[in-house]
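Colleague: If you scroll down you'll find the structure; I have some questions about it.
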Amino acid sequence: MSRAGKTKFQIDLRRHLREHYVNENLTHLICEIAEASKYIIHSISTGDLGVAGTSNLYGEKQLELDVLADRILRKRLDHSRVVANMMSEEMDEIIPVSPDCDGKYSVAFDPLDGSSLVDVNLAVGTIVSIFEGCDLLQPGRRQVAAVYVLYGPRTTLVYSVGKGVHEFGMNMLREYTLLQENITLEPQGSLYSPGGQRNLYTPGVEAFVTKLEDRGVKLRYSGGFVPDINQILLKGQGIFFYPHLKKQPQGKLRLLFELSPMAFLIEQAGGAASDGRQPILDLQPTQIHERSPVFIGCKKDVALAEEYIRKFEDGKGEVAEKKAKP
Ligand code: F6P
Ligand code: MN
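Converting from the sequence shown to our numbering requires adding 1 to each position, the first position being numbered 1.
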């Protein structure tokens with residue numbers, strides 16, 4: 002991993018994309034997402050914390066901020082001239098932008114992940130998944146890029162176009178400049194971020210967690226998927242999981258908006274992401290709002306989760322069926 006701390010010239014996001022031979026349209030798209038995030042961070046810092054009076058498809062109450070962040074991103078992508086279709090965690094259906102797929106991209110996004118943490122002033126983020134052409138219902142392995150923006154004490158942007166994972170920080174001029182290039186994960190870590198209630202864990206997951214704890218790993222869970230993944234990436238180690246639970250076999254997190262893009266970034270950093278049996282990036286989504294269990298982070302830790310799930314749950318009907326409910 003190279004640090005770009007005290008270089009004479011700050012490399013901004015656009016220049017970095019150009020230097021990595023990213024084509025003009027994709028460069029434009031990623032820069033538009035970065036632009037949108039500047040308005041989102043402003044809304045988070047100053048906006049209304051109230052509920053919007055509406056619910057999303059999952060029955061979760063939408064906050065004013067969810068709706069606003071969604072509008073900001075949607076408008077930006079709509080006007081970008083490089084988007085064919087877009088889909089947000091906050092919308093019920095795919096929004097067609099242009100019937101012409103050539104040279105265009107389709108984008109799935111979670112505009113404000115973890116938004117219920119804003120009122121207690123914890124970190125939240127935006128997650129974006131990008132496919133070439135018109136089709137959004139594709140295995141994550143076909144993504145051409147994934148991006149997240151983390152709104153914490155500082156605002157940072159992490160992206161990959163399949164050529165490593167790179168972190169940028171927002172400076173005083175609200176420009177994103179390079180902080181770290183080619184971030185990599187250790188094969189095994191010493192921290193864990195466990196989602197879901199422990200008393201609902203299935204036997205394999207419970208045995209896996211006990212094994213981790215016997216090894217002396219430390220618990221580091223913020224309740225926000227973006228900061229929790231960012232912690233693993235930047236500490237270079239650890240595992241996050243939001244497993245299948247008793248009576249909730251699909252877990253909680255959404256394949257298209259949350260898991261595929263994060264799995265793409267973590268694999269690019271040399272880590273792994275699994276639903277407990279197979280790589281997240283190989284899952285073929287059958288519907289837009291599909292959920293999946295997830296184990297994501299250091300390769301050996303993810304393999305250990307798979308091993309325990311196989312050992313304790315295979316043939317016992319505990320692991321989720323692939324067909325998901327929204
Ligand atoms: O969008 C889902 C989310 O808010 C994630 O950011 C986070 O990882 C997860 O839900 C937390 O869920 P829970 O509140 O069940 O721990
Ligand atoms: Mn979310």
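Beta carbons: idealized from backbone N, C-alpha and C, even for Gly.
Hey, out of Q251, F258, Q232, whose CA is closest to L186's CA?
Modeller: Here the closest residue by C-alpha is Q232.
Colleague: Give every residue of the same chain whose Cβ lies closer than 6 Å to the Cβ of L246, excluding the five residues on either side of it in the sequence, and list them in chain order.
Modeller: Excluding positions up to five away in sequence, the list reads G197, L201.
Colleague: Would you identify the three-state DSSP class for D114, choosing helix, strand or coil?
Modeller: Strand.
Colleague: Compare the C-alpha of H184 against each of F313, G298, E307 and name the closest.
Modeller: Looking at the sequence itself, residue 184 is Ile, so the reference to His does not match. Checking every option, the nearest Cα to that of I184 belongs to G298.
Colleague: So is the beta-carbon of D229 under 7 Å away from any non-hydrogen atom of the ligand MN?
Modeller: No.
Colleague: From which residue to which residue does the beta strand (DSSP E) around T211 run?
Modeller: Where T211 is concerned, there is no enclosing beta strand (DSSP E), although the alpha helix (DSSP H) it sits in stretches over 204-215.
Colleague: Taking 8 Å as the threshold, find out whether the region 100-108 comes into contact with the region 133-147 through three or more Cβ pairs.
Modeller: Verdict: yes, contact present.
Colleague: For the alpha helix (DSSP H) that contains I230, what are its first and last residues?
Modeller: Run containing I230: 226-236, per the alpha helix (DSSP H) assignment.
Colleague: Just verifying my parser: in three-state terms, what is the DSSP assignment at G141?
Modeller: Helix, per DSSP.
Colleague: Using only the heavy atoms of the ligand MN, determine whether one of them is closer than 7 Å to the beta carbon of F10.
Modeller: The answer is no for F10.
Colleague: Taking A124 as part of the alpha helix (DSSP H), name the residues at either end of that continuous run.
Modeller: Per DSSP, A124 belongs to no alpha helix (DSSP H) and is neither H nor E.
Colleague: Could you tell me which whole alpha helix (DSSP H) segments of length 4 or greater appear in the region 10-40?
Modeller: As far as the region 10-40 is concerned, its whole alpha helix (DSSP H) runs of at least 4 residues are 14-20.
Colleague: Let me have the residue list for the ligand FAD: C-beta closer than 5 Å to any non-hydrogen atom, ordered along the chain.
Modeller: For the structure depicted, the ligand FAD is absent and the ligand set comprises only the ligand F6P and the ligand MN.
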